[in-house]
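Counting from 1, position 148 in the sequence shown corresponds to residue 148 in full-length UniProt numbering; the numbering is continuous, with no gaps.
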Amino acid sequence: MSRLAAGVVLVTACEPSLDADDPHAPVGEDVGMTATAFLSVSLDPPLVLVSLREGSRMDDLLAEQPLWGVSVLAESQRHIAGRFAMKGRISDRLLFEDIPYTRGAASGAPMIGGALATLECRTEQTVTAGDHTLVIGRVLSADLPSADGGPLTYFKGKYRQLG
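This is the structure in structure tokens:
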């Protein structure tokens, strides 16, 4: 499968606040994960799919938080992909510190500035597939924050640029 080139996205979500009844309660911690197993499933309704390693932090979070975001990374955002691909992190808090982002209006998830496209999604269905969970999300909103540059791709174990 390393011979199959893939686009690179950052999947993000925000842990729910501890007091869901209080709209002014502090937001939970932001979580992000680099993914290359991401694809469009349907145009009507608009559905996408992401594959998450079973038991990963994002897998556990999306089991309880149905709202999440996707930022399609540009070739200039290789450093972001690498940063969020690290396994075994205890906290993602510092990983977002110097990255420009806005909060999605529908999901509250961080949407990465300079991304080629951003999507906000709500989980419609999950499917266990071997050691992964396939999460199918309905696209709630889509935006094109940047038209600059080409896509970041992943091929033969390395981040690449189209060229």
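Glycine residues also receive a C-beta, built at the ideal position from the N, C-alpha and C atoms.
For residue i and residue j, I'd like the C-alpha separation in whole angstroms.
| i | j | result |
| --- | --- | --- |
| Glu-54 | Lys-158 | 23 Å |
| Gly-163 | Val-41 | 27 Å |
| Leu-94 | Ile-80 | 12 Å |
| Ser-51 | Arg-160 | 21 Å |
| Leu-39 | Ala-106 | 21 Å |
| Gly-32 | Ala-147 | 23 Å |
| Gly-149 | Arg-78 | 12 Å |
| Leu-4 | Cys-121 | 26 Å |
| Met-1 | Lys-156 | 8 Å |
| Ile-99 | Leu-144 | 18 Å |
| Leu-43 | Ser-56 | 28 Å |
Using a Cβ-Cβ cutoff of less than 8 Å, which residues in the same chain neighbour residue i once the five nearest sequence positions on both sides are dropped?
| i | result |
| --- | --- |
| Thr-102 | Pro-110, Met-111 and Gly-113 |
| Pro-16 | Gly-28, Glu-64 and Gln-65 |
| Ala-129 | Ser-51 |
Below 6 Å CB to CB, which residues in the same chain sit around residue i once its five sequence neighbours on both sides are set aside?
| i | result |
| --- | --- |
| Leu-119 | Val-70, Val-139 and Ala-142 |
| Val-72 | Val-9, Ala-115, Leu-116 and Ala-117 |
| Tyr-154 | Ala-6, Val-8 and Thr-36 |
| Asp-131 | Glu-54 |
Helix, strand or coil for residue i per DSSP?
| i | result |
| --- | --- |
| Ser-76 | helix |
| Arg-122 | strand |
| Pro-151 | strand |
| Ala-5 | coil |
| Gly-130 | coil |
| Ser-141 | strand |
| Leu-116 | coil |
| Leu-162 | coil |
If residue i and residue j are in contact, beta carbons under 8 Å, what's the gap, nearest whole angstrom?
| i | j | result |
| --- | --- | --- |
| Leu-134 | Thr-126 | 7 Å |
| Ala-6 | Thr-36 | 4 Å |
| Gly-108 | Leu-67 | 7 Å |
| Ile-136 | Leu-49 | 5 Å |
| Val-11 | Met-86 | Rounded, the Cβ-Cβ distance is 14 Å, inconsistent with contact. |
| Pro-151 | Glu-75 | 6 Å |
Taking 7 Å as the limit between beta carbons, can you name the residues of its chain near residue i, skipping five residues before and five after?
| i | result |
| --- | --- |
| Arg-83 | Leu-95 |
| Asp-92 | Glu-29, Asp-30, Val-31 and Gly-32 |
| Thr-34 | Val-8, Leu-10, Ala-81, Phe-84 and Ala-85 |
| Pro-45 | Arg-138 |
- Query: Where are the beta strand (DSSP E) runs, 3 residues long or more, that stay fully inside the region 29-114, in chain order?
  - Reply: 30-35, 38-43, 46-53, 67-72, 101-103 and 110-112
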